[in-house]
Amino acid sequence: MSESDLAKRIANLPPEKREKLLRKLEAEAQAAQRAQAPAVAREPSQPQPLSFAQHRLWFVDRMQPGQGVYNLPVLFSAEGALDVGAFTRSVEALVERHEVLRTVFSEEKGEPVQVVSPTLKVEVPVVDLRGVPEPERAREAERLAREEMLRPFELSRGPLMRVVLLRLGEREYQVVMTLHHIVFDVWSMGVLLRELTELYAARVAGRPAVLPALPMQYGDYARWQREWLRGQVLEEQLAYWKKQLAGLTMLELPVDRPRPAVPSFGGGTHTFVIPRSRVEALQALAKRQGSSLFMVMLAALKVVLARRAGQEDVAVGIPIAGRNRRELEGLIGFFVNMLVMRTDLSGNPTFLEVLRRVKETSLGAYAHQELPLEHLAAELRPEREAGQTPFFRMSFSLQNAPMGAIDVPGLRLRPLKATAGTAKLDLSLYLVEDPDGLQSVWEYSTDLFEAGTIQRMAEHYERVLGQVVEAPDRKVMELEVMEAEERRRVLVEWNGTRVEYPREACIHELFEKQAQRTPESVAVEFEGSGLTYRELNERANQVAHQLRKLG
């Protein structure tokens, strides 16, 4: 069909359909333009603006310097004949290839900028642990690795990447790499490991490394993002999110301890495995409903959170890679954005209805993923406490199968779990696919939660997953969150308030004795105000005297 024929057919459509079609064509054209937007050439020596995500972390670092909570560790074992010199040169080549790994952050006219160093000398110290007795060696390696993961960076000086080799045996090492989140994200881990292993393999083999040329650098992306996200594009993104988040209520899960004025960011983890058979059944449910495994797992989590918090408005943060341009896929840098997935669970819907609502919200969020959370917070200015992320207190992610062992000449690399003992949010749930099923890692703030509380919440989640597979049309309030023993403990044992008391005494006499025992304890609270036993007793006496005076 020629362009003139297409134009005639569009012109003959009813006005409403014509307007709808034109808006759709315009949106598709804008999306295609965004996907192919070329990076503008620039001088590497010239300072570049920060991306929106980087600006938030820079601001957090200025407000709370010396924190290691935004350090991202990459930990793996190396078994074989490791050539330390070749490994060091490979790390240097990686730093030379990616400008963001040579970047520091300074200020110009009151605004933060990225400054790329022309060169960077890479130090890879080796800590020899072979002299430590065998039973203690692994524990000492774990202690040193955690210490390294938590050591803070200085953004204005750099470098923002550290590498340490822990030598455990003649042919056994642990590689501890730590990078600040402002120059790195989870996607970047895969890029780093792929390129580092290729650079090392090429060096020990005496051949050139086979790596594609980078079409752009992170500084190019940061400037492009600032130039693109304005005008009509910004207005459309903001309009969607303003409507989506209007009147949002923060999730208030019951906690074990009062929220501190200044968070410590201390964290713990609880891990369990959802078996492969259960995962396959959940995947089949997702397929029947035209959704994804991610949506099913998120919907089940929303049910648990709603039941636990007693709320129908449940918002959770979802990390998204933020690499919706082909040129960005091979870059190291901080691209991830957080999307607010808000679900209304009012009306006691069935699980299938909850899944439908989650699917609708997810698709809408994906279509408007370009607006950084930082920009949205600056526009809407939600109320929040110091150190708290806006809009949500829990995050959820489902990751693809982790990278397995990697073989390079004379060496076998195996990624290891890296736990730094920190938590950025109240609660985060990471699901990672592996051959056994889904590894479920619950990361929680130790400021707020006891380990047993998180274990029970994880058990509730697993129980709900089992029920929705069997009966997805059950209503949310009919799903059994607790097992029989836990329900008996909560409803009977913990609710056993019967106490023996002197039955010959009157109630006012018992109250006066309590006021004598605990005069400064709170006796009654209402709408933010409270009275101690002493104050309540004094006021009761005043009322009694007035009543006597009146006869």
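Per the numbering used here, the sequence shown runs over residues 586 to 1136.
Ideal Cβ placement from N, Cα and C applies to all residues, glycine included.
Predicted model, so just to flag it, every value in this text is computed and none were measured.
What do you get for residue 817, buried or exposed, if any count of 16 or more other CB atoms within 10 angstroms of its CB means buried?
exposed
Would you call the CB atoms of residue 1008 and residue 997 closer than 7 Å?
Going by C-beta atoms, residue 1008 is not nearer than 7 Å to residue 997.
Can you tell which of 803, 992 and 1099 has the C-alpha that lies nearest to the C-alpha of residue 1121?
1099
In this structure, what does DSSP give as the bridge partners for residue 999?
662
Taking C-beta to C-beta, are residue 1145 and residue 1023 nearer than 7 Å?
Past the edges of the chain, shown from 586 to 1136, lies residue 1145, and the structure says nothing about it.
Using a Cβ-Cβ cut-off of 6 Å (strictly less than) and excluding sequence neighbours within five positions of residue 962, which residues of its own chain qualify?
Cβ neighbours of residue 962 beyond the five flanking positions: 975.
Report the three-state DSSP secondary structure of residue 709 (helix, strand or coil).
Three-state result, residue 709: coil.
In the DSSP output, what is residue 634 paired with across the bridge?
698
Contact between the stretch 871–885 and the stretch 798–812 is defined here as three or more beta-carbon pairs at a separation below 8 Å; is this criterion met?
no
In chain order, what residues of the same chain lie with their CB nearer than 7 Å to the CB of residue 1130, ignoring the 5 residues before and after it?
none
Check the DSSP bridge columns for residue 789 and list the partner residues they point to.
Paired residues: none, contrary to the question.
Hey, could you find the ends of the beta strand (DSSP E) residue 1092 is sitting in?
Segment 1092–1102 is the alpha helix (DSSP H) holding residue 1092; no beta strand (DSSP E) there.
Tell me the residue span of the alpha helix (DSSP H) that contains residue 1108.
Premise fails: residue 1108 lies in the beta strand (DSSP E), 1107–1111, not in any alpha helix (DSSP H).
Can you tell me which residues form a DSSP beta bridge with residue 1019?
1022
Can you list the beta strand (DSSP E) stretches of 3 or more residues lying completely in the stretch 743–814, in chain order?
As far as the stretch 743–814 is concerned, its whole beta strand (DSSP E) runs of at least 3 residues are 746–754 and 757–765.
The alpha helix (DSSP H) spanning residue 1120 covers which residue range?
1118–1134
For the beta strand (DSSP E) holding residue 984, just list the boundary residues, first then last.
979–984
Please list, in chain order, all residues of the same chain as residue 825 whose beta carbon is under 6 Å from its beta carbon, the five residues on each side excluded.
Within the same chain, and ignoring the five residues on either side of residue 825 in sequence, the residues whose Cβ sits closer than 6 Å to its Cβ are 953.
To the nearest angstrom, how far is the alpha carbon of residue 1093 from that of residue 1126?
10 Å
For the stretch 633–640 against the stretch 671–682, are there 3 or more C-beta pairs whose distance is under 8 Å?
Segments in contact, no.
Please report how far the alpha carbon of residue 928 lies from the alpha carbon of residue 897, in whole angstroms.
8 Å
Quick one: what's residue 1029 bridged to in DSSP?
853 and 1012
In this structure, how does DSSP classify residue 886 when only helix, strand and coil are distinguished?
helix
Three Cβ pairs or more, each shorter than 8 Å: is that satisfied between the stretch 680–688 and the stretch 700–708?
yes
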